[in-house]
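Since the structure comes first, as structure tokens, the remarks are kept for the end.
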Amino acid sequence: MHRMVASILGILLLVTTAMAQFAPPKDALRVQATASVQQVMPGKPFEVLVTLDIKHPYHVNANPASEQFLIPTSVSVDPVAGITFGSPQYPKGLMREFAFTSGKKIAVYEGKTVIRIPATPAKTLKAGEVTIRGKVRYQACDERSCYPPGDLPFTLRLKVASASASAEEGTAQVAAQTEETPPAESGAAGAPAAAGTFSGTPGGAYLQRLQDLLDSGRFGVALPIILLLGLLLNLTPCVYPLIPITISFFSRQTSGSQGRTFGLALVYVLGMALMYASLGTAAAALGKTFGFQLQNPWVLGGFAAILVALALSMFGLYQLQLPAGLRNKARLREGWLGAFLMGLLVGVAAAPCVGPVVVALAAVVSGTGNVPLGFLLFLTLGLGLGIPYIVLAMFSGAIRRLPRSGEWMVAVEHLFGFALIGVAIFFLSPILPAALYKWLMFAFLAGVGIYLVAFDKLAKAVRGFFLFKRLLGVA
Numbered sequence: 001m002h003r004m005v006a007s008i009l010g011i012l013l014l015v016t017t018a019m020a021q022f023a024p025p026k027d028a029l030r031v032q033a034t035a036s037v038q039q040v041m042p043g044k045p046f047e048v049l050v051t052l053d054i055k056h057p058y059h060v061n062a063n064p065a066s067e068q069f070l071i072p073t074s075v076s077v078d079p080v081a082g083i084t085f086g087s088p089q090y091p092k093g094l095m096r097e098f099a100f101t102s103g104k105k106i107a108v109y110e111g112k113t114v115i116r117i118p119a120t121p122a123k124t125l126k127a128g129e130v131t132i133r134g135k136v137r138y139q140a141c142d143e144r145s146c147y148p149p150g151d152l153p154f155t156l157r158l159k160v161a162s163a164s165a166s167a168e169e170g171t172a173q174v175a176a177q178t179e180e181t182p183p184a185e186s187g188a189a190g191a192p193a194a195a196g197t198f199s200g201t202p203g204g205a206y207l208q209r210l211q212d213l214l215d216s217g218r219f220g221v222a223l224p225i226i227l228l229l230g231l232l233l234n235l236t237p238c239v240y241p242l243i244p245i246t247i248s249f250f251s252r253q254t255s256g257s258q259g260r261t262f263g264l265a266l267v268y269v270l271g272m273a274l275m276y277a278s279l280g281t282a283a284a285a286l287g288k289t290f291g292f293q294l295q296n297p298w299v300l301g302g303f304a305a306i307l308v309a310l311a312l313s314m315f316g317l318y319q320l321q322l323p324a325g326l327r328n329k330a331r332l333r334e335g336w337l338g339a340f341l342m343g344l345l346v347g348v349a350a351a352p353c354v355g356p357v358v359v360a361l362a363a364v365v366s367g368t369g370n371v372p373l374g375f376l377l378f379l380t381l382g383l384g385l386g387i388p389y390i391v392l393a394m395f396s397g398a399i400r401r402l403p404r405s406g407e408w409m410v411a412v413e414h415l416f417g418f419a420l421i422g423v424a425i426f427f428l429s430p431i432l433p434a435a436l437y438k439w440l441m442f443a444f445l446a447g448v449g450i451y452l453v454a455f456d457k458l459a460k461a462v463r464g465f466f467l468f469k470r471l472l473g474v475a
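If you number the sequence shown the way this note's numbering does, the last residue is 475 and the count never jumps.
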């Protein structure tokens with residue numbers, strides 16, 4: 001039991017990083033703020049120069065953006081007493097065509113780009129020092145896809161001359177004292193990806209390693225990992241109701257031959273694996289537009305709604321399953337075709353729990369744009385998910401040795417439900433204002449913590465698991 005709980009918790013970590021593939025890449029962008037004057041002269045206008053240093057092969061959307069659903073690069077400055085800031089002046093973007101734009105050219109910024117912000121100090125501004133703070137909101141893209149937007153802060157400190165100082169001292173075109181913003185890294189403060197970053201979140205490092213293995217062509221290592229992941233997915237709550245259905249199906253087969261039963265089990269698993277392989281093929285085929293579509297508010301909102309619907313099913317508000325007539329028809333049908341169709345249906349029925357992991361793997365596959373590879377990876381995942389069903393088909397008595405459903409499984413379902421809601425909020429991060437996203441995620445995490453510590457009484461009999469839930473709530 002304890003090993004099973006540990007395995008389920010490991011899968012839960014993968015669920016919380018299901019969208020980690022889309023975290024902003026490390027070192028994609030640097031921001032530096034300078035001024036057009038060496039020191040500020042009261043009453044004399046100057047400019048704040050915000051320089052974006054965009055590393056190859058990345059780019060950011062220009063302002064204004066080419067499409068309404070693209071997120072333009074923007075600069076905002078915090079109010080400063082005695083200084084009035086005008087609207088930022090954005091340079092014209094470069095028209096570029098990328099793999100994910102489906103033949104369209106969009107306006108982007110590449111390399112070094114300077115955004116100018118007019119500033120007018122009051123004539124009564126006192127001598128001393130003034131600190132100007134602001135942030136750059138951007139969305140980094142590469143040749144294959146786009147990532148969620150992020151915010152990078154900048155700080156600029158300038159000396160303020162006295163009103164009687166020489167005007168020449170205030171017009172020297174020398175860069176002022178600046179503070180350079182560190183590289184835009186996963187998990188950087190203020191970035192929406194803080195809900196689940198690729199390299200900074202437990203479980204995300206494993207997805208990164210998988211991506212690295214695929215990029216380097218080490219499929220002999222990557223495929224066994226995906227096969228093992230498929231096996232672990234059998235420990236998720238949604239899969240347990242499928243076990244009696246599987247046992248019932250094979251017990252109705254008329255032939256008692258072990259060889260025929262084994263063959264039917266293989267066809268059964270093949271149906272399940274091909275269902276997931278079709279998803280991988282679609283993800284790879286759409287790889288060129290996958291990142292582009294993930295900027296569309298309707299697509300992001302649809303994903304979030306589906307995840308919330310799955311989460312509500314985890315809390316027991318309703319049960320997601322195939323129509324009874326379709327299930328009974330496939331269950332009662334004998335022979336090879338019946339086994340294949342039943343495998344397809346079982347693959348679909350497992351979606352509420354394995355869906356987030358499938359989304360994460362689809363993100364990796366879509367980035368490659370390799371259709372055969374997408375088919376192979378998801379086929380391997382489906383085979384891993386289906387291997388235990390071969391054992392169940394051959395030895396129906398194994399069902400008696402599996403853990404029974406109880407409060408501990410209900411508690412696990414609740415944890416999966418919370419994780420799905422967290423992923424749904426993360427999906428919405430590109431279309432929500434940064435401040436609203438932060439408060440929404442904070443409120444969600446605080447609410448989950450309070451529930452786990454003060455109100456959740458499930459699975460007290462499994463002391464280790466119950467303690468883990470309490471510690472998770474405190475964290």
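Quick reminder that beta carbons are idealized off the backbone N, C-alpha and C, glycines included.
Whether Val50 touches Val136 by CB criterion (9 Å): Taking 9 Å as the cut-off, the Cβ atoms of Val50 and Val136 count as close.
Start and end of the beta strand (DSSP E) containing Leu156? That run of the beta strand (DSSP E) goes Gly150 to Val160.
Nearest-angstrom Cα distance between Leu307 and Phe426? Cα to Cα, the separation comes out at about 11 Å.
Beta-carbon contacts of Gly263 that lie in its chain and below 7 Å, excluding the five residues immediately before and after: So no residue of the chain qualifies.
Do the region 54-67 and the region 116-135 touch if we need at least three Cβ pairs shorter than 8 Å? As far as the Cβ criterion goes, the region 54-67 does not touch the region 116-135, which means the pair count is below three.
Classify Phe378: buried if its beta carbon has 16 or more other beta carbons within 10 angstroms, exposed otherwise. Here Phe378 is buried, its C-beta having at least 16 other C-beta atoms within 10 Å.
Top-ranked residue by Cα proximity to Ser36, from Lys159, Gly301, Phe442 and Pro224: Ranked by Cα distance from Ser36, the first of Lys159, Gly301, Phe442 and Pro224 is Lys159.
For the beta strand (DSSP E) containing Leu49, name the first residue and the last one. Segment Phe46 to Ile54, the beta strand (DSSP E) holding Leu49.
Backbone secondary structure at Ser36 - three-state DSSP: DSSP, reduced to helix, strand and coil, places Ser36 outside both helices and strands of the structure shown, so it counts as coil.
Beta-carbon within less than 6 Å of Val448's beta-carbon, same chain only, minus the 5 sequence neighbours each way: which residues are those? The beta carbon of Val448 sits closer than 6 Å to the beta carbons of Phe418 from its chain, once the five residues preceding and following it are set aside; these are given in chain order.
Rounded C-alpha distance that separates Ala33 from Lys55: Taking the Cα positions, Ala33 is about 17 Å away from Lys55.
When you compare only the Cα positions, how much space is there between Ser76 and Phe444? In this structure, the straight-line span from the alpha carbon of Ser76 to that of Phe444 is close to 27 Å.
Can you name, in chain order, every residue of its own chain whose Cβ lies under 6 Å from the Cβ of Leu223, other than the five neighbours on each side? So the qualifying residues of the chain are Thr380.
Which term fits Val423, buried or exposed, when burial requires 16 or more other beta carbons within 10 angstroms of its beta carbon? Val423 counts as buried, since no fewer than 16 other beta carbons sit within 10 angstroms of its beta carbon.
Helix, strand or coil at Thr124 [DSSP, three-state]: Coil.
When the Cα atoms are used, what is the spatial distance from Gly301 to Pro149? As the crow flies, the alpha-carbon of Gly301 is around 16 Å from that of Pro149.
Bounding residues of the alpha helix (DSSP H) (the contiguous stretch that carries Ile390): Counting along the chain, the alpha helix (DSSP H) containing Ile390 begins and ends at Val371 to Met394.
Is Ala304 near Leu428, with beta carbons less than 9 Å apart? For the pair Ala304 and Leu428, the CB atoms are nearer than the 9 Å cut-off.
Taking 8 Å as the cut-off, is the C-beta of Leu310 nearer than that to any heavy atom in the ligand ADP? Judged by which ligands are present, the structure shown has none, so any question about the ligand ADP falls away.
Would Ser145 be called buried (16 or more neighbouring beta carbons within 10 Å of its own) or exposed? Counting of Cβ neighbours within 10 angstroms places Ser145 among the buried residues, the total reaching 16 or more.
Looking at C-alpha atoms only, which residue of Thr281, Leu452 and Leu310 is the closest neighbour of Asn370? Cα-wise, what sits closest to Asn370 is Thr281.
For Glu143 versus Phe85, is the C-beta spacing smaller than 9 Å? Not in contact: Glu143 and Phe85 (Cβ atoms no closer than 9 Å).
Restricting to Cα atoms, I'd like to know which of His414, Leu344 and Ile387 is closest to Leu228. Checked all of His414, Leu344 and Ile387; the closest Cα to Leu228 is Ile387.
Using the Cβ count rule (16 or more neighbours within 10 Å means buried), how would you classify Met394? When all chains shown are included, Met394 counts as exposed.
With distance defined between alpha-carbon atoms, name the residue in Gln68, Lys92, Pro42 and Gly316 nearest to Ile83. Taking only the C-alpha atoms, the option nearest Ile83 is Pro42.
Keeping to the same chain, check which residues put their C-beta closer than 6 Å to that of Gln177; ignore five residues upstream and five downstream. With a pLDDT of 46 at Gln177, under the threshold of 50, the predicted position of this residue should be treated as unreliable, and no value is reported.
Considering just the uninterrupted stretch of the beta strand (DSSP E) at Lys105, what are its terminal residues? Run containing Lys105: Lys105 to Tyr109, per the beta strand (DSSP E) assignment.
Could you tell me which of Ala277, Tyr147 and Leu152 sits nearest to Leu70, measuring between CA atoms? Answer by Cα proximity: Tyr147.
Does the beta-carbon of Asp151 have 16 or more other beta-carbons within 10 angstroms, so that it is buried, or is it exposed? Under a 10 Å Cβ-count criterion, Asp151 is classified as buried, with 16 or more other Cβ atoms of the shown protein chains found around its own Cβ.
Between the alpha carbons of Met314 and His414, how many angstroms are there, rounded? Looking at the two C-alpha atoms, the distance is approximately 6 Å.
Own chain residues within Cβ distance below 8 Å of Tyr109, not counting five before or after: The residues are Leu52, Ile54, His59, Val60, Asn61, Ala62, Thr73, Pro91, Gly93 and Leu94.
Please classify Met95: does DSSP put it in a helix, a strand, or coil? In the structure shown, Met95 falls within a strand segment according to DSSP collapsed to helix, strand and coil.
Of all the options Cys141, Ser87, Glu129 and Ile117, which has the alpha carbon lying nearest to the alpha carbon of Ala107? Comparing alpha carbon positions, the residue from Cys141, Ser87, Glu129 and Ile117 closest to Ala107 is Cys141.
Rounded Cβ spacing between Ala122 and Ser162 (contact assumed at less than 8 Å): Not a contact, Cβ separation roughly 14 Å.
If you draw a straight line from the alpha carbon of Lys104 to that of Trp336, how long is it in whole angstroms? Within the model, the alpha-carbon separation for Lys104 versus Trp336 is close to 47 Å.
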